[in-house]
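Below is one structure, written out as structure tokens; comments come after it.
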Amino acid sequence: MKNILGKAILLASALLFSITGTSCSNEDNATPEKEKTYDMSGFAKGADVSWLTEMEQNGKKFYNANGKATECMALLRDLGMNSIRLRVWVNPEDGWNGKNDVVAKAWRAQQLGMRLMIDFHYSDTWADPSKQGVPAAWKNYDFNQMKQAVADHTKDVLNALKARGVNVEWVQVGNETTDGMLWNDEDGDAALKVTGRASKNMANFAAYINVGYDAVKAVYPEAKVIVHLDKGNNLSQYTWMFDGLKQNGAKWDVIGMSLYPDWITDQTWEQVSDDCLSNIKTLSGKYNCDVIISEIGMVWNSENAAPFLKKMVDGCKAISTCEGVFYWEPECNSGWNGYDKGAFDNSGKPTAALDAFK
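Here the sequence shown stands for residues -25 to -1, 1 to 333, numbered as in mature numbering (1 follows the signal peptide of the UniProt record, and there is no 0).
Listed below in structure tokens is the structure:
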């Protein structure tokens, strides 16, 4: 009622000024719109948007619930997110996720006030539990050369970010390193001496983590270093890895988890989320460190996606040793690279799954 009355008064005034020959501009009478503020502190509510620049080059557009075209990271911020995660590849064939692409995206995120996680794959392409390929340029390196390469690559990318004025809060030294990284599975002692596959040489994996850790701290002393595995519901997988790393003197600040219930076929999403939340408490107590959900997702049009995300975000926020939750590539719809676990529909609008971050 107050707004209606105010508009009526303004209209009447305008008519009066028109009748008497007096004029004034709309700008003079306009009430400036209150600038929206965002709380970017505290619990990290984030998204990995590493595909974003490639999607933009391919003409992808993003729209808010009202159908207004909006820059993707700004749209995610409007949906309650405060953090961005970006993967790094060493020498990617097409440049995407290479140093220059990462710096460009990170700078955009910082301009929006978003916090940043950098995810080193230490590979020229995807690194995950099924593959941890050595970068082509490092293929013939011995153990000491490999350690130096990890350190140099880490510093090179982070120094480029720092030179651009970008702050980095978290750094992953490896991506889903459930069985280590920088695998060399050839036969013979030479391969065994250099491989970072944890089940074959945990000491090497620990050494690679440590040189990465030291490189991070040399550039961003306050950044938190993450060691990241998949299947956050699988406690034995985590205790095997972190017991082994601890025995070999590895350093880390935060344990990172991935959680994708669609890929865990012997449990319901409710069981998967319950186990993961329980594991966060167990692992943070056992290893005296925080835990973060580095990746999470569910099929974009599943009726379970919204309740699953809400349960995980709310559950993680209730655990003091959980630093946050990052949705992996939410900006994707089902037509992008065949990935079906994004959180935008085929009209380019966010789905209800992202309501969990509000």
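Backbone N, C-alpha and C define an ideal beta-carbon position, used for all residues, glycine too. Remember, predicted model here, so these are calculated numbers, not experimental data.
Go ahead and label residue i buried or exposed: buried means 16 or more other beta carbons lie within 10 angstroms of its beta carbon, across all protein chains shown.
i: Thr243; result: exposed
i: Ser259; result: buried
i: Ser248; result: buried
i: Gln222; result: exposed
i: Thr12; result: exposed
i: residue 338; result: Only positions -25 to 333 of the chain appear in this structure, which leaves residue 338 out of reach.
i: Ser174; result: exposed
i: Lys106; result: exposed
i: Trp113; result: buried
i: Lys333; result: exposed
Please determine, among the options, the residue with the shortest C-alpha to C-alpha distance to residue i.
i: Asn209; options: Pro236, Cys307, Asn41, Asn159; result: Pro236
i: Asn176; options: Gly219, Asp131, Asn142; result: Gly219
i: Pro196; options: Val169, Asp289, Val77, Leu133; result: Leu133
i: Trp275; options: Asp289, Gln246, Ser309; result: Ser309
i: residue 340; options: Tyr183, Ile255, Met287; result: The structure shown does not extend to residue 340, since the chain is modelled only from -25 through 333, so no value can be given for it.
i: Lys286; options: Leu329, Ala112, Lys316, Leu54; result: Leu329
i: residue 382; options: Lys43, Phe18, Val24, Thr12; result: Since the first residue shown for the chain is -25 and the last is 333, residue 382 is missing from the structure and cannot be characterised.
i: residue 335; options: Val288, Gly163, Thr152, Ala165; result: Missing from the structure shown is residue 335; the chain here goes from -25 to 333 and no further.
i: Lys261; options: Ser211, Asn159, Ser174; result: Ser211
i: Lys120; options: Met156, Val169, Asp103, Asp99; result: Here residue 120 is Gln; the residue named in the question, Lys, does not match the sequence. Comparing Cα-Cα distances from Gln120 to each of Met156, Val169, Asp103, Asp99, the minimum goes to Val169.
i: Gln32; options: Trp311, Lys316, Ala327; result: Trp311
i: Val202; options: Cys264, Leu51, Lys316, Gly163; result: Cys264
i: Met232; options: Leu252, Glu161, Asp162; result: Leu252
Would you check if the distance between the CB atom of residue i and the CB atom of residue j is smaller than 9 Å?
i: Trp145; j: Leu91; result: yes
i: Ala293; j: Cys307; result: no
i: Tyr97; j: Gly187; result: yes
i: Arg62; j: Asn72; result: yes
i: Val109; j: Ala190; result: no
i: Lys130; j: Asn185; result: no
i: Phe301; j: Ala22; result: yes
i: Ala81; j: Arg172; result: no
i: Leu87; j: Pro325; result: no
i: Gly299; j: Ile267; result: yes
Would residue i count as contacting chain D if we go by Cβ distances under 9 Å?
i: Tyr116; result: Going by chain labels, chain D is absent from the structure shown, which holds only one protein chain.
If you follow the alpha helix (DSSP H) that residue i is in, where does it begin and where does it stop?
i: Lys122; result: 118 to 138
i: Lys286; result: 280 to 292
i: Gln86; result: 74 to 86
i: Val169; result: 164 to 169
Report the three-state DSSP secondary structure of residue i (helix, strand or coil).
i: Pro196; result: coil
i: Cys297; result: strand
i: Thr243; result: coil
i: Glu31; result: helix
i: Phe217; result: helix
i: Glu2; result: Note that Glu2 scores a pLDDT of 43, beneath 50, so its modelled location is shaky; the value from the coordinates is reported in the next line. Looking at Glu2 - three-state DSSP - the assignment turns out to be helix.
i: Ser309; result: coil
i: Tyr188; result: helix
i: Lys324; result: coil
i: Ile(-17); result: In this prediction, Ile(-17) has a pLDDT of 35, which is less than 50 and means its spatial position is unreliable; what the coordinates show is noted afterwards. Here Ile(-17) sits in helix by DSSP.
i: Met92; result: strand
i: Lys333; result: coil
i: Phe180; result: helix
i: Tyr262; result: helix
i: Ile(-22); result: Because Ile(-22) carries a pLDDT of 37, less than 50, the predicted location of this residue cannot be relied on, and no value is offered for it.
i: Leu204; result: strand
If I follow the unbroken beta strand (DSSP E) through residue i, where does it start and stop?
i: Ser233; result: 229 to 234
i: Lys20; result: 19 to 23
i: Arg62; result: 58 to 63
i: Asp53; result: Per DSSP, Asp53 belongs to no beta strand (DSSP E); it is in the alpha helix (DSSP H), 47 to 53.
i: Val143; result: Neither: Val143 is in no beta strand (DSSP E) and is coded neither H nor E.
Hey, is residue i close to the ligand GTP, as in C-beta under 8 Å from one of its heavy atoms?
i: Phe18; result: No copy of the ligand GTP appears in this structure; indeed no ligand is present at all.
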